[in-house]
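**Q**
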Amino acid sequence: MSDEIGASAFSGPETLSRTEIESIERLLPYLSYGREGLALEGIPVRRVWNGTRALLLHLPRRAVDNYTALKAAFSPFFDVRVHCAIKACYVPEVLRALCAAGAGIEVMSDLEWRLARRLGFPDERVVSDSVARPVAHLERLLRAQGVLISVDGVRELERVEWHARRLGMRPAIVIRVNLLPPDDFFCDHSKLGTEPAEAYALLERAANSAHLDLAGVHAHQLVHCSSVSQFAAQATRAAELAAAFATVQGTRLRVINLGGGLESRFLLERAGIVCEDLAAAAREALKPAPPGYRLLLEPGRFVFADAAVVFTGIISERRKSGQDWLVTSVAGNLLRPIRDRSYPPLPLTLAGGQQWQRWHVADPSCTPSRLWLDALLPSDAASQGLALLDVGAYTAVRASVWGTELPDMGTFHNGEVDITFGRAQQTAVMRALYGIDLGP
Ligand SMILES: *Cc1c(COP(=O)(O)O)cnc(C)c1O
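Note that the sequence shown covers residues 0 to 439 in numbering that gives the first Met the number 0.
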């Protein structure tokens with residue numbers, strides 16, 4: 000009992016149980032345990048990873064599956080478009096696969112827009128979200144026409160309008176609004192979004208502008224959301240805002256963008272929530288909205304997080320204050336700690352006679368960084384190495400050549416590993432940044 004109280008005191012999801020680990024294919028169909036240990040899409044990990052350097056493998060097929068599941072669940076009820084948040088993952092193979100599957104993309108900067116274009120996303124499938132845009136970027140967006148522009152705040156509205164007028168353009172825009180009460184992430188001091196009353200005034204202003212084509216509202220105030228009712232609450236308020244605006248103004252909004260902020264898919268499913276639950280809740284919640292709108296979703300974590308796996312060796316074990324630690328070779332310069340439990344660890348082999356115990360799993364950097372506190376793993380996990388889950392969103396994009404070696408990074412597709420970033424590329428980054436050659 001005391002064990003359970005201790006276990007739930009950490010931030011992040013509950014530790015994977017032994018049953019969940021042993022039948023991991025129920026949570027993540029691309030993983031399974033066989034005679035040769037953990038297998039990835041049926042290929043034993045030991046055949047694709049030699050254990051020397053840590054390895055981050057992205058799985059384009061899973062990302063497409065996550066996108067498709069969301070889109071398919073909402074499609075029966077809505078004219079829905081899913082724009083994947085590119086800031087969570089820049090891996091070309093993953094993005095090209097999503098593009099080929101029909102996904103849209105959400106970008107926050109010129110850098111990201113250039114990347115999206117380069118990978119083949121047509122402007123009509125791009126939404127641009129930003130609190131403020133440099134003029135050069137704004138100008139390019141306006142000239143491209145097809146891009147849907149989210150406007151956050153009065154100053155940005157004035158800027159977009161001013162440049163649209165100057166260029167003789169009339170961009171389609173949505174107004175960003177914070178519909179839910181402030182929470183830990185979107186606190187009172189957040190720079191993002193506007194209060195509903197202010198957003199309403201911006202909607203009026205945009206509707207009356209000769210240089211702006213007001214398309215709708217944009218809400219994104221969910222973080223790691225794993226609550227259907229929270230998702231529905233935001234949708235309800237979006238619907239109420241759209242209904243009130245249409246009634247008073249007579250301008251019907253044709254876009255309702257519910258943003259991103261969903262938890263990763265396998266963690267949602269672990270909590271018993273499938274895409275169909277979210278779609279059913281949205282259908283109910285959006286009933287007050289005037290009909291004829293298009294629904295947009297902007298998932299980042301949901302699409303990308305469980306579409307990658309890290310394999311890492313264990314550099315060392317340590318015992319401290321009665322607690323056993325495993326120190327991985329993969330570090331926080333790739334896997335940033337977002338809570339006490341961010342990246343669920345799995346053993347690489349399961350054997351009949353193994354003892355299981357509690358471990359804290361952490362990286363070797365001289366920072367408070369840790370990967371998962373209070374994991375349940377076999378006692379011999381240290382000699383085997385670990386697989387880490389939920390590593391596909393906001394990891395490689397934010398990787399820095401800092402502190403310790405980055406892992407090799409690449410993609411896994413049709414049983415093949417394709418490494419795009421290895422030790423040589425890391426050396427090249429050092430050379431490019433500092434002009435120093437580390438040698439062999
Ligand atoms: C970051 C971001 C997203 C994606 O967020 P996730 O939490 O990864 O789903 C979607 N929309 C906007 C506006 C964002 O800033």
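All residues carry an ideal CB built from backbone N, CA and C; glycine is no exception.
For the stretch 80-88 and the stretch 36-50, state whether three or more C-beta atom pairs, one from each stretch, are separated by less than 8 Å.
**A** Touching, no.
**Q** Beta carbon of L446, beta carbon of P344: below 8 Å?
**A** As shown, the chain starts at 0 and ends at 439. That puts residue 446 outside it, with no answer to give.
**Q** Please indicate yes or no: does the CB of R264 lie closer than 7 Å to some heavy atom of ligand 1?
**A** Here the distance from the Cβ of R264 to the nearest heavy atom of ligand 1 is not below 7 Å.
**Q** Taking 7 Å as the cut-off, is the beta-carbon of G291 closer than that to any non-hydrogen atom of ligand 1?
**A** no
**Q** How about L295: is its Cβ closer than 7 Å to a heavy atom in ligand 1?
**A** no
**Q** Determine the DSSP secondary structure at E3, reduced to helix, strand or coil.
**A** Residue confidence for E3 is low, a pLDDT of 48 falling below 50, so the modelled location carries little weight; the figure read from the coordinates is stated next. DSSP places E3 in helix when its eight states are reduced to three.
**Q** When we look at the beta-carbon of M0 and count the other beta-carbons within 10 Å, is it buried (16 or more) or exposed?
**A** With a pLDDT of 38 at M0, under the threshold of 50, the modelled position of that residue is not reliable, and the figure given next carries that caveat. Flag for M0 reads exposed.
**Q** Are D305 and W358 close, meaning C-beta to C-beta below 8 Å?
**A** no
**Q** In whole angstroms, give me the CA-to-CA distance for A200 and G421.
**A** 51 Å
**Q** For L261, is the beta carbon positioned less than 7 Å from some heavy atom of ligand 1?
**A** yes
**Q** Out of curiosity, what's the CA-to-CA distance linking L156 and G299?
**A** 25 Å
**Q** Starting from the Cα of G414, find the closest Cα among R282, D362, L56 and give me that residue.
**A** In this structure, L56 is the residue among R282, D362, L56 with its C-alpha nearest to the C-alpha of G414.
**Q** In whole angstroms, what separates the C-alpha of T410 from that of A242?
**A** 45 Å
**Q** Between which two residues does the beta strand (DSSP E) harbouring S129 extend?
**A** 125-129
**Q** Reducing DSSP to helix, strand and coil, say where F420 ends up.
**A** strand
**Q** Three-state secondary structure (DSSP) at L58?
**A** Secondary structure at L58: coil, using DSSP grouped into helix, strand and coil.
**Q** Counting Cβ pairs closer than 8 Å, one from the stretch 212-220 and one from the stretch 163-172, do we hit at least three?
**A** yes
**Q** Would you kindly report the start and end of the unbroken alpha helix (DSSP H) that includes L295?
**A** Where L295 is concerned, there is no enclosing alpha helix (DSSP H), although the beta strand (DSSP E) it sits in stretches over 293-296.
**Q** Leaving aside the five residues before and after V150 along the sequence, list all residues of the same chain whose C-beta is less than 8 Å from its C-beta, in chain order.
**A** Residues L156, V159, I172, V173, I174, R175, L201, A205 of the same chain have their beta carbon placed closer than 8 Å to that of V150, with the five preceding and five following residues left out of the count.
**Q** Excluding five sequence neighbours on each side, which residues of the same chain lie with their C-beta closer than 6 Å to the C-beta of R282?
**A** F76
**Q** Just to confirm, are T426 and Q383 a CB contact at a threshold of 8 Å?
**A** no
**Q** Name the two residues that bound the continuous alpha helix (DSSP H) containing A171.
**A** No alpha helix (DSSP H) holds A171; the beta strand (DSSP E) holding it covers 171-175.
**Q** Is L267 near V79, with beta carbons less than 8 Å apart?
**A** no
**Q** Is K70 near ligand 1, judged by its Cβ being under 7 Å from some heavy atom?
**A** no
**Q** Is the distance from the Cβ of I104 to the Cβ of R132 below 8 Å?
**A** Going by C-beta atoms, I104 is not nearer than 8 Å to R132.
**Q** Does L345 come out as helix, strand or coil in the three-state DSSP assignment?
**A** In the structure shown, L345 sits in a strand (DSSP, three-state: E or B).
**Q** How is the beta strand (DSSP E) around D323 delimited, first residue to last?
**A** 322-327
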